[in-house]
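Residue numbers (this note's numbering): 376 to 518.
Pasting the structure below:
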């Protein structure tokens with residue numbers, strides 16, 4: 376047979392002990408924001424602030440707080456930028472791959488490699504190097 380235990384509400388002493396344990400365990404509590412500052416914008420200025428906050432990946436409140444306290448707002452979306460770069464790289468690489476396959480097919484059909492094919496391969500190589508330079512430059516800016 377199982378014995379049913381009564382659920383009891385924790386009393387004040389137990390709650391105080393639990394609070395003391397969390398404090399001694401190094402658990403930090405967030406400081407609660409209780410003070411407000413009201414600011415008014417005309418519609419166009421507010422849209423501009425909203426856009427900047429959206430671009431930074433934070434709320435308007437957090438954006439304004441960062442502007443006031445530190446004088447600048449750091450872009451909070453490096454992951455999104457990297458995802459965009461990855462998508463762009465994959466798209467361009469698939470296009471280059473398609474071009475290389477067409478050239479290989481041409482060379483296999485006609486059994487020759489003339490100067491125009493070599494020039495086209497050179498253009499593809501330059502495009503690939505340009506893509507690499509562009510992406511490494513953008514990644515360095517985020518870091």
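The C-beta atom is built at its ideal place from N, Cα and C for all residues, glycine as well.
By Cβ distance below 7 Å, which residues in the same chain neighbour residue i in space, the five residues on each side in sequence not counted?
i, result
"residue 506", "464, 467"
"residue 416", "424"
Indicate whether at least one CB of chain D lies closer than 7 Å to the CB of residue i.
i, result
"residue 491", "Annotation note: the requested chain D is absent from the structure, which comprises a single protein chain."
Could you please give the first and the last residue of the uninterrupted alpha helix (DSSP H) stretch that includes residue i?
i, result
"residue 441", "435-445"
"residue 431", "418-431"
Quick one: measure Cβ to Cβ for residue i and residue j, integer angstroms, because I've assumed they're closer than 8 Å.
i, j, result
"residue 476", "residue 499", "The Cβ separation is near 11 Å, so there is no contact."
"residue 484", "residue 495", "The pair is not a contact, with the Cβ atoms about 15 Å apart (cut-off 8 Å)."
"residue 431", "residue 471", "That belief does not hold up - the Cβ atoms of residue 431 and residue 471 are roughly 34 Å apart, past 8 Å."
Return helix, strand or coil for residue i, following the three-state DSSP convention.
i, result
"residue 478", "helix"
"residue 462", "helix"
"residue 405", "coil"
"residue 472", "helix"
"residue 503", "helix"
"residue 415", "coil"
"residue 509", "helix"
"residue 497", "helix"
"residue 491", "helix"
Using a Cβ-Cβ cutoff of less than 8 Å, which residues in the same chain neighbour residue i once the five nearest sequence positions on both sides are dropped?
i, result
"residue 438", "424, 427, 428, 431, 448"
"residue 440", "none"
"residue 435", "424, 425, 428"
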